[in-house]
Ligand code: CAA
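In UniProt numbering, the protein residues as written are 47 to 307.
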């Protein structure tokens, strides 16, 4: 594995790639070089034949405490505008076709919360601390927070959090639908995340990618267009070897041996 300054990469189980944010002195604040490394690592997992699903996590103390405030402080409008500051963060949502599971413990604030929301499945600990505190710094969320949080938990709750800068616990996150599940401990979070990743990695890669693509379309398309889009993708899967393999195995009561083709 390549060595990075701000992240760690591993393949903890067959088919599973993991990126661990590793800038402990700054609670994984997301400085520009960290984002570059993250994009690089995710890009490599995305094209790797040995990986079907990706876990993105931080430490027990912090998933990420947001964009790097010290780096941002001197930025001018024209610099932010002409360099399209923050845009490269969303490479995760446009370039990575494999599912990404965010495993969030500790702080997921500002850009950290936004990064977690860009992932496909969000798991957290009950003690996790989510929030969009940008208002306290004289700005607003800049990596999709006002849009993704609102879609996840509804307008009134998102408005309250974004206008007050108040944070929300992992328990609330799971109750409100921001997280798929909240776990009582860090160990339980990491164990269940790996189990879910292994389950997904046990299926046809073709179907996994198609499922992610179809679900994500629901965020951008009106219902009717989304349903039609899904049906087209569904039809296309009858051109895969794995559709024949999966359905034949069901009829024969056998375990499918996917070719991922
Ligand atoms: N940027 C830069 N450094 C940060 C940071 C950040 N977002 N968050 C924490 N750090 C640094 C602290 O400056 C501190 O460094 P020093 O030891 O050199 O002073 C170190 O990490 C440890 O932090 P604390 O001492 O503050 O730790 P704590 O346990 O007392 O508090 C915390 C934890 C509540 C998360 C607090 O650090 C905090 O409020 N952080 C900022 C959270 C925030 O406002 N995030 C939003 C950023 S704006 C943004 O993300 C814009 C966007 O939408 C893209």
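Heads up, the beta-carbon is just placed ideally off N, CA and C, and yes, glycines get one too.
Subject >> 8 Å contact criterion, which residue 158 and residue 110 should meet: CB distance rounded >> reply: 3 Å
**OP:** Report yes if the CB atom of residue 91 is closer than 9 Å to the CB atom of residue 142, and no otherwise.
**Re:** yes
Original post:
With 16 other CB atoms within 10 Å as the buried threshold, where does residue 133 fall?
Top reply: exposed
Original post:
For residue 145 versus residue 100, is the C-beta distance shorter than 9 Å?
Top reply: Closer than 9 Å, so yes.
**OP:** Whole angstroms is fine: what's the gap from residue 83's alpha carbon to residue 52's?
**Re:** Taking the straight line joining both Cα atoms gives about 7 Å.
Subject >> Assigned secondary structure, residue 92 (DSSP; H/G/I helix, E/B strand, else coil) >> reply: It is helical.
Original post:
residue 151 and residue 106: beta carbons closer than 9 Å?
Top reply: yes
**OP:** Would you kindly work out how many angstroms separate the C-alpha atoms of residue 374 and residue 162, rounded to a whole number?
**Re:** There is no way to answer for residue 374, as the model of the chain reaches only from 47 to 307.
**OP:** Flag this pair as yes or no: are the beta carbons of residue 235 and residue 165 separated by less than 9 Å?
**Re:** no
Original post:
Say the cut is 8 Å; is the CB of residue 184 nearer than that to a heavy atom of the ligand CAA?
Top reply: no
Original post:
Can you find a C-beta in chain B that's less than 9 Å from the C-beta of residue 226?
Top reply: Checking the listed chains, one finds no chain B in this structure; it contains a single protein chain.
Subject >> Of the residues 277, 108, 239, 193, the one placed nearest residue 265, counting alpha carbons only >> reply: 193
Original post:
Per DSSP, residue 175 forms a beta bridge with which residues?
Top reply: 153, 215
Original post:
Comparing the CB of residue 187 with every heavy atom of the ligand CAA, is any distance shorter than 8 Å?
Top reply: yes
Original post:
Among 228, 102, 258, which residue has its Cα nearest to the Cα of residue 85?
Top reply: 102
Subject >> Integer-rounded CB distance, given that residue 212 should sit under 8 Å from residue 177 >> reply: 7 Å
Original post:
First and last residue of the beta strand (DSSP E) that includes residue 99?
Top reply: 97-103
Subject >> contact_flag[the region 227-246, the region 275-285] where n(CB pairs < 8 Å) is 3 or more >> reply: Touching, no.
Subject >> Whole-number beta carbon distance between residue 239 and residue 149, since they are thought to touch under 8 Å >> reply: 4 Å
Original post:
Near residue 258, what residues of its chain come up, given a Cβ to Cβ distance below 8 Å and the 5 sequence neighbours on each side ignored?
Top reply: Once the five neighbours on either side are set aside, the close Cβ partners of residue 258 are 143, 144, 145, 166.
**OP:** Would you mind sorting residue 125 into buried or exposed? The rule is 16 or more other CB atoms within 10 Å of its CB.
**Re:** exposed
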